[in-house]
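Participant: So for the sequence shown, the working numbering puts the first residue at 3; every next one is plus one.
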Amino acid sequence: MGLFRRIFEKPWLDQGDQIQELQTSTFRAHSRKVALVVFLFVVGSVFFLLFAAAHMRIVLATDWVPMPEPDLLWINTIILVVVSIALEVSRHNINKNKREKLFSSFLTAGLLTAFFIVLQCFAWLELIDLGYAAQRNPANAFFYVLTAFHALHLLGGLIAWWRALVKIRSTEVEYAEVRLGVELCAIYWHFLLFVWIIVLALFIST
Numbered sequence: 003m004g005l006f007r008r009i010f011e012k013p014w015l016d017q018g019d020q021i022q023e024l025q026t027s028t029f030r031a032h033s034r035k036v037a038l039v040v041f042l043f044v045v046g047s048v049f050f051l052l053f054a055a056a057h058m059r060i061v062l063a064t065d066w067v068p069m070p071e072p073d074l075l076w077i078n079t080i081i082l083v084v085v086s087i088a089l090e091v092s093r094h095n096i097n098k099n100k101r102e103k104l105f106s107s108f109l110t111a112g113l114l115t116a117f118f119i120v121l122q123c124f125a126w127l128e129l130i131d132l133g134y135a136a137q138r139n140p141a142n143a144f145f146y147v148l149t150a151f152h153a154l155h156l157l158g159g160l161i162a163w164w165r166a167l168v169k170i171r172s173t174e175v176e177y178a179e180v181r182l183g184v185e186l187c188a189i190y191w192h193f194l195l196f197v198w199i200i201v202l203a204l205f206i207s208t
């Protein structure tokens, strides 16, 4: 009878004092960090599909004409690397409880990200002036789609960055909440740096 009773149990219903809190000492992660990882998995899947489509277009089509590589793309790559370093410095500062240094490094990361987006707009304009509009060639179209999609995610990240920056300056926000915001931003920007390098490698290789 014990087996049948277990089969027909409904654990999702309120069982009164029989409810127990489940804990594990081997896995601890904040729900927002888990949500970010899931979100990045989805975003990474979309980027992967775009990369796969571009690769298939390169292999199967004969109308793929490689684009030039403006110097601004290399400058932007360096900027993103510096942003990731600044965020790692921010994580170090928050672990050492250096609030003022944390604000400076975190502010630097956000301002450089905004500068990256501005330079990316100039890179697009430069390519269009050279005659590499999106409708002219599949390589052009994929380049604009991938880089614009990447820039949009950076813009979205700046919203989270601003909220974390406000918490850093506030004396009423708990230290654990500040630490979490910095760590989430660092994970997000490291991911976007990785994606940017793959985008750049895709177009350089063609």
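All C-beta atoms, glycine included, are put in the ideal place defined by N, C-alpha and C.
The model shown is predicted, which means the values in this text are computed figures rather than measured ones.
Could you tell me the distance, in whole angstroms, from the CA atom of Asp73 to the CA atom of Phe196?
Facilitator: Cα to Cα, the separation comes out at about 19 Å.
Participant: Let's see if you can read the secondary structure: which residues bound the alpha helix (DSSP H) around Val169?
Facilitator: The sequence shown places Lys at residue 169, not Val. Segment 140-171, the alpha helix (DSSP H) holding Lys169.
Participant: Quick one, which of Ala111, Val44, Pro70 has its alpha-carbon nearest Val184's?
Facilitator: The shortest Cα separation from Val184 among Ala111, Val44, Pro70 belongs to Ala111.
Participant: Using alpha carbons as the reference points, say which of Glu176, Trp126, His152 lies closest to Tyr190.
Facilitator: Of Glu176, Trp126, His152, the residue nearest in Cα terms is His152.
Participant: Can you tell me the Cβ-Cβ gap for Pro68 and Leu132, rounded? I've got them flagged as a contact below 8 Å.
Facilitator: Actually they do not touch by this definition, with Cβ atoms about 13 Å apart.
Participant: Leaving out the 5 sequence neighbours to the left and right, which residues in its chain are closer than 7 Å to Glu90 when beta-carbon positions are compared?
Facilitator: Answer for Glu90: Ala188, listed in chain order.
Participant: State buried or exposed for Asn78, treating a residue as buried only when at least 16 other CB atoms are found within 10 Å of its CB.
Facilitator: By the 10 Å Cβ count, Asn78 comes out buried.
Participant: Going by the CB atoms, is the gap between Leu114 and Val84 shorter than 8 Å?
Facilitator: Yes. Within cutoff.
Participant: Using the Cα positions of Leu42 and Ser107, report the straight-line distance between them to the nearest angstrom.
Facilitator: So the two alpha carbons sit approximately 24 Å from each other.
Participant: If contacts are defined as beta-carbon pairs under 8 Å, then Leu186 and Ala162 qualify, I think. What distance do you get, rounded to the angstrom?
Facilitator: That pair is a contact at about 7 Å.
Participant: I need the straight-line Cα distance from Pro140 to Ala125, nearest angstrom please.
Facilitator: Distance between the alpha carbons of Pro140 and Ala125 is about 18 Å.
Participant: To the nearest angstrom, how far is it from the Cα of Leu104 to the Cα of Ile119?
Facilitator: If I take the Cα positions, the gap works out to 23 Å.
Participant: For Gln122, I'd like the list of residues in its chain whose CB is within less than 7 Å of its CB, leaving aside the five on either flank, ordered along the chain.
Facilitator: Asn78, Thr149, Ala153, listed in sequence order.
Participant: So Ala54 is in the alpha helix (DSSP H); what residue range does that whole segment cover?
Facilitator: Where Ala54 is concerned, the enclosing alpha helix (DSSP H) stretches over 33-62.
Participant: Can you grab the Cα-Cα spacing for the pair Val39 / Trp198, in whole Å?
Facilitator: Each residue's alpha carbon lies about 18 Å from the other.
Participant: Since Ser86 contacts His192 with CB under 8 Å, what's their CB separation in whole angstroms?
Facilitator: Contact holds; Cβ gap of about 6 Å.
Participant: Ends of the alpha helix (DSSP H) at Leu186?
Facilitator: Per DSSP, Leu186 belongs to the alpha helix (DSSP H) from 177-206.
Participant: According to the neighbour-count rule (16 or more other Cβ atoms, all chains shown, within 10 Å of its Cβ), is Tyr177 buried or exposed?
Facilitator: By the 10 Å Cβ count, Tyr177 comes out exposed.
Participant: Going by Cα to Cα distance, which pick from Ile170, Met58, Val44 is closest to His155?
Facilitator: His155 has its Cα closest to that of Val44, out of Ile170, Met58, Val44.
Participant: Whole beta strand (DSSP E) runs in the segment 49-128 with 3 or more residues, listed along the chain?
Facilitator: Correct list: empty.
Participant: Can you have a look at Val61 and say buried or exposed, based on whether 16 or more other CB atoms are within 10 angstroms of its CB?
Facilitator: Under this definition Val61 is an exposed residue.
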